[in-house]
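Colleague: Take the sequence shown: its position 23, counted from the start at 1, is 52 in my numbering, and no numbers get skipped.
Note that CB positions come from ideal geometry on N, CA and C, so glycine has one too.
In this text the structure is predicted, and so the values were computed from the model without any measurement.
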Amino acid sequence: MIIKAVKFRKDGFYSQPFVFGGEEGADKFDPNIRYRGSLQNYLIDTGTEVILVDTGLPAGTPEEAPDENSILYTGKDICTYMEALANLGYKPEQVTKILLTHKHSDHSGELKSFPNAQIFVNEEELSAAELQGIPNIVPVKFTNGAYYNFPESQKIAEGIYFIKAKGHTNGNSIIIVESDGLFYMLHGDITYVDEALYENKLSVVFDDIAAARETMDRVREFVRSHPTVYCGTHTPQGYENLEAKRVMDLDNPVPTVLAEVDFSDSKATGIYVCSICGYVYDPEEHEGTAFEELPDDWKCPRCKQPKEKFNKA
Ligand SMILES: [Fe+2]
């Protein structure tokens, strides 16, 4: 069993209010503290099958150009998701299963690009706009019962489990891969950065905050009682943990390295991108209305997040 990170954006950041403020309120935290950001998903090569956990951003998603007010920045392109996969030596036709942690477009972006893959996703996620028109979806019904302290799970292959982890989205799931005595937890935004898991804080993005809290409690309990390699998709800590086989120890946090941010090359195309779901606001498609002119209570038409979650492109 080999697990690899499929890396496609680097040098991003997540502000402390964004990654910690879900329960206590963003105003309790320091916007000048910015944690490192990146985007990567994961690939599992079992020796007989190639299984993806999520499928990146869609090709063509514009890069953002953050400024001092940006509360998050997903980072610069390394390459497209599909190029990242090719660089690891895999062809789309080899992929037989895709395990989708959740609907957001930075996880579901290239679902359409794998002709031989069955796409496993929590059935509660099926109504999402991002999943319409995608063939070969297998709704996961969690028929295998509990996986340790998680009440609902489904075995996907030997040593690979799909686990219900509602909260960030209603159909959110975690993948756990058992290998060499370790539990690799490949998750979709349980936290954006590992500091949030250490500090026991929820991000400001959730469909169901009570469920997100319950999931966080279960993840922390699991991590405390099993040697877990915690692999996130929005922080370099995700692939650093994977590549070092570093077991998450909640009592001995890996020291934080803060993001170094350069705002000097901000462009002004008039286009804005939702950092949460990737929706592109182009004034040309809105009768010339500049993003800045939209009312303060305007929300992303796709994911309903407020204006402040958008960055200039
Ligand atoms: Fe997400």
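Could you compute how far the alpha carbon of A297 sits from the alpha carbon of T257?
Modeller: Cα to Cα, the separation comes out at about 43 Å.
Colleague: Cβ of D218 versus every heavy atom of ligand 1: is any distance shorter than 7 Å?
Modeller: Result yes, Cβ under 7 Å from ligand 1.
Colleague: Please report the distance separating the alpha-carbon of R65 from that of Y71.
Modeller: Straight-line Cα distance between these residues: approximately 19 Å.
Colleague: Between the Cα of N145 and those of F235, R247, E122 and H133, spot the shortest distance and give me the residue it belongs to.
Modeller: Residue E122 is the option with its Cα nearest to N145.
Colleague: How many Å lie between Y221 and H263 at the Cα?
Modeller: Roughly 5 Å separates the two Cα atoms.
Colleague: Report the three-state DSSP secondary structure of R247 (helix, strand or coil).
Modeller: Three-state DSSP puts R247 in a helix.
Colleague: Report yes if the C-beta of H255 is less than 7 Å from at least one heavy atom of ligand 1; otherwise report no.
Modeller: No.
Colleague: Can you tell me whether S293 is buried or exposed, with buried defined as 16 or more other CB within 10 angstroms of its CB?
Modeller: S293 should be labelled exposed.
Colleague: With hydrogens ignored, establish whether the beta-carbon of H133 is closer than 7 Å to any heavy atom of ligand 1.
Modeller: Yes, ligand 1 has a heavy atom inside 7 Å of this Cβ.
Colleague: What number of angstroms, rounded off, separates the C-alpha of E314 from the C-alpha of I300?
Modeller: Whole-angstrom Cα-Cα distance: 10 Å.
Colleague: Taking the alpha helix (DSSP H) that F49 falls in, what are its first and last residues?
Modeller: Counting along the chain, the alpha helix (DSSP H) containing F49 begins and ends at Q45 to E53.
Colleague: Kindly give me the distance between the Cβ atoms of G217 and T130, rounded to whole angstroms, as I take these residues to be in contact under 8 Å.
Modeller: At roughly 3 Å, the Cβ-Cβ gap stays under 8 Å, so G217 and T130 are in contact.
Colleague: Go ahead and pull the three-state DSSP assignment for I185.
Modeller: Here I185 sits in strand by DSSP.
Colleague: When the Cα atoms are used, what is the spatial distance from R249 to G54?
Modeller: One C-alpha to the other measures close to 21 Å.
Colleague: So, with DSSP's three-state summary, where would you put A241?
Modeller: Helix at A241.
Colleague: Starting from the C-beta of G188, find all residues in its chain whose C-beta is less than 7 Å away, skip the five residues before and the five after it, and write them out in chain order.
Modeller: Once the five neighbours on either side are set aside, the close Cβ partners of G188 are M30, V206, E207 and S208.
Colleague: 8 Å is my cut-off, CB to CB: does L101 come that close to chain D?
Modeller: Any reference to chain D falls outside this structure, which holds one protein chain only.
Colleague: Along the chain, which unbroken stretches of the beta strand (DSSP E) at least 3 residues long are found entirely within the segment 168-224?
Modeller: 182-186, 189-193, 202-208 and 211-216, all fully within the segment 168-224.
Colleague: Measure the CB-CB distance between A113 and V35 and report whether it falls below 8 Å.
Modeller: Yes, the Cβ-Cβ distance between A113 and V35 is below 8 Å.
Colleague: By the 10 Å Cβ neighbour count, where 16 or more other Cβ atoms means buried, how is Q161 classified, buried or exposed?
Modeller: Q161 is exposed by the Cβ-count criterion.
Colleague: Between the segment 136-150 and the segment 69-84, can you find at least three pairs of beta-carbon atoms closer than 8 Å?
Modeller: The segment 69-84 vs the segment 136-150: in contact.
Colleague: Which residue comes first and which comes last in the alpha helix (DSSP H) that contains G267?
Modeller: Here the alpha helix (DSSP H) through G267 covers P265 to A273.
Colleague: Starting from the Cα of I203, find the closest Cα among F179, A94 and L211 and give me that residue.
Modeller: Ranking F179, A94 and L211 by Cα distance to I203 puts F179 first.
Colleague: Please report the straight-line C-alpha distance between M245 and F251, rounded to a whole angstrom.
Modeller: Approximately 10 Å between the Cα atoms of the pair.
Colleague: Between which two residues does the alpha helix (DSSP H) holding Y110 run?
Modeller: Looking at the DSSP string, the run of the alpha helix (DSSP H) that includes Y110 is Y110 to N116.
Colleague: Checking 8 Å against the spacing of the C-beta atoms, do S232 and G51 come in under that value?
Modeller: Closer than 8 Å, so yes.
Colleague: Spatial neighbours of K170 within its chain, please: C-beta separation below 8 Å, excluding the five flanking residues on both sides.
Modeller: Once the five neighbours on either side are set aside, the close Cβ partners of K170 are E152 and Q183.
Colleague: CA-CA distance, T172 and A239?
Modeller: The straight-line gap from Cα to Cα measures roughly 23 Å.
Colleague: Measuring alpha carbon to alpha carbon, tell me which of E154, L117 and N281 ends up nearest D74.
Modeller: Minimum Cα distance to D74 is reached at L117.
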